[in-house]
Amino acid sequence: MLEVSNLSVSYGRHLALSDVALSVGQGEIVVVLGANGAGKSTFIKALAGLVTPAPGARILLGGQSLERLPAHQIVEAGLALVPEGRHLFSTLTVAENLSLGAFLPRTRAQASDSLERVFAVFPKLRQRLSQIAGTMSGGEQQMVAIGRAMMTDPQLLLLDEPSLGLSPLLTTELFRALPNIAATGTSVLMVEQNSHQSLSISDRGYLLEDGRITGEGAASDLLQSEAVQKAYLGM
Amino acid sequence: MFMNALLSGLTLGGVYALVAMGLTIQYGVSRSLNLGYGEFLIGAAFAVYVLFGALGISPYLLALVVVPVAFGLSWLIYRVMLTPILRRARTPVALEIDSLLLTFGLLFAMMGIMLLVFGSNYTSYTYLSVPVRILDATVALNRLVSFGAAVVVGALAFAFLMRTRTGMALRAVAVDPVGAQLVGIDVKWAAGLAFAIGGAIAALGGVLISTYMTFTAEMGVVFTMKALIVVIMAGVGHVVGALLVGLALGLIEAFVAAYLDPGLTVAVIYAVFLLALIVRPVGIFGRAVR
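In order, the protein sequence lines correspond to chains R and X. With the numbering used here, the residue at position 131 of the first sequence is 231, and numbering never jumps. With the numbering used here, the residue at position 274 of the second sequence is 287, and numbering never jumps.
In structure tokens, the structure reads:
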């Protein structure tokens, strides 16, 4: 469903991402593991249109090319990003944040269905609709950010280090929710440092080092792999 | 004296509130502070002065022409002059500095054209200059009508921002432009629209003020500064705050002029501004959020 090939990004002379190729199937959860500075954020921002890929890159979502589209049209095409730092509308209410998720005409028609799906995954949000988003705890804000992305009715949900800054308990709660999202047919692609928990709920994983993909495989195999355990699981 | 000061303060403050609202929409959404904002106001005042003199049509009706022209012109300025800067700027700070320099130039260009055409003399015309008695005070009808128009348009603009999807999109861009892109809002479009709405509101303010105030080609900067003071005191992008502080500014001016000295109004306003900044650097209604 998502097919990425030849994806490179440079900031000035610094090559942050080099020839990345990756695919995600329908309803699949895929994790890209990498250390700080490996290029994880650059990779996910390039997919969402927040940084411009070098010429020659191919990003296909359900057959549609995304590599030249501006960020707002990529959302229209069906790819939603939950960014690092969340970028919520912090002075608006949770209800307004979610409702803005369904801003596009394509998503507006599905808004009430999408909202039910958000509540099914994060039941807590139903009671918090009138709260100002910026006054919530980090974990709750992450739920709103994911909920807002779900409101765009995406084919693919991108998550940029969703566990960053969350307590272990909240991280577990968050990772438990992701398979429920994938079960509705929305694919999930995330970049993470927290490899153990993210791998245990993923179908497949990729390893990103110095801007290059250095390994890939089924999540269960990666969890067993000695190299991965050494590099990412701290064992 | 009290009622007179109150009425003149309210009528003036109503227009200040409207003009500040326009600037806070412009600045809050597009992140480009338009130093030529007051020139739109004065430009509209001159346009109405000329058209009223030539055609004899009510300035309030002429607003129906002048305001849409200002809307279109502001939109054009944003698309032609400010979008290239937006593309070039690497950081939000770079964008603010570049757009400040650019609109500083815009200020002088517009002022120069107006000086060339109209000279530097004080200009005014007489329309609806009929005294109206309210309680034991007298106020000119043009001030009352202008105040009424400011209230109606301010309320409509507020309803547009709060109740419509487009208004909600503008607010979203003001709060978080990256987040706005991620829900599919075209931020460049929103910024252009906000810039145009701001320019239109400035022009309406100019039309309203011209019915009872003398103005010169060089006075735009005075209105830019006053609007800016209101916007910063209220907290950038805070519409209700801008309306309240704008109204307060008009009242302060009127009461200082009536009870202290008309020459002290500017000094007192800047003193209040400084005090507010010391006590609440993020603005009276601003929230210290990222």
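Here a beta-carbon is modelled for each residue, glycine too, at the ideal position from N, C-alpha and C.
It is roughly 42 Å from the alpha-carbon of X:I98 to the alpha-carbon of X:T139. Where X:L25 is concerned, the enclosing alpha helix (DSSP H) starts and stops at 15–43. Chain R has no Cβ within less than 8 Å of the Cβ of X:L113. By the beta-carbon neighbour count (other beta carbons within 10 angstroms, threshold 16), X:N134 is exposed. The Cβ of X:L183 sits no closer than 8 Å to any Cβ of chain R. By the Cβ neighbour-count rule, X:L25 is buried, with 16 or more other Cβ atoms within 10 Å of its own. Ranking X:L20, X:G35, X:G263, X:V28 by CA distance to the CA of X:L148 puts X:L20 first. In this chain, R:A157 is not harboured by any beta strand (DSSP E), its DSSP state being neither H nor E.
A straight line joining the alpha-carbon of R:G311 with that of R:V291 spans about 13 Å. By a beta-carbon distance limit of 8 Å, R:G238 does not contact R:F222. Their separation comes to about 14 Å. Only those residues of the segment 161–179 of chain R whose C-beta falls short of 9 Å from the nearest C-beta of chain X are listed: P170, A171, H172, Q173, I174, V175, E176.
Of all residues in the segment 198–219 of chain R, only S199, L200, G201, A202, F203, L204, R206, T207, R208 come within less than 9 Å of chain X when Cβ atoms are compared, listed by chain position. Annotation for X:A267: A18, S21, G22 place their beta carbon closer than 6 Å to its own, counting only its chain and skipping 5 residues before and after. With fewer than 16 other beta carbons inside 10 angstroms of its own, R:K224 counts as exposed. Counting along the chain, the unbroken beta strand (DSSP E) around R:M290 starts and ends at 287–292. Counting along the chain, R:N106 sits inside the beta strand (DSSP E) bounded by residues 102–111. Contact check between the segment 142–159 of chain R and the segment 317–325 of chain R: fewer than three CB pairs, one atom from each, fall below 8 Å, which does not count as touching.
Within the DSSP bridge table, the entry for X:I147 names X:A150 as partners. In terms of Cα proximity to X:V164, the closest of X:M14, X:A33, X:L64 is X:A33. Taking the C-beta atoms as reference points, R:T193 is found nearer than 8 Å to R:L229. Contact note: X:G192 reaches chain R through H187, L188, F189, using a C-beta cutoff of 7 Å and chain order.
The beta carbon of X:L174 sits closer than 7 Å to the beta carbons of G180, L183, R184, V252 from its chain, once the five residues preceding and following it are set aside; these are given in chain order. One thing to note: R:L256 has its Cβ within 8 Å of the Cβ of R:L289. Of all alpha-carbon atoms in R:S302, R:R158, R:T142, R:S199, the one lying nearest the alpha-carbon of R:L308 is that of R:T142. Within a 10 Å sphere around the beta-carbon of R:F189 sit 16 or more other beta-carbons, which makes this residue buried. X:I297: not part of any beta strand (DSSP E); DSSP gives it neither H nor E. As far as DSSP is concerned, X:G219 takes part in no beta bridge. Against chain R, a Cβ distance below 7 Å from X:G197 picks out H172, V175, E176, F203, L204, T252. CA-CA distance, R:A138 to R:E184, rounds to 15 Å. Under the criterion of beta carbons closer than 8 Å, X:Y50 and X:A215 qualify as touching, at roughly 6 Å. A distance below 6 Å between beta-carbons, with the five flanking residues on each side excluded, links X:I245 to no residue of its chain. For R:M250, the number of other beta carbons within 10 angstroms of its own is at least 16, and it is reported as buried. Nearest CB-CB separation between R:L192 and chain X: below the 8 Å threshold. For R:L181, the residues of chain X that pass the 8 Å Cβ criterion are L195, in the order they occur in the chain.
With contacts defined as CB atoms closer than 8 Å, R:T191 and R:G234 qualify as a contacting pair. One alpha carbon belongs to R:L179, the other to X:R178, and they sit about 22 Å apart.
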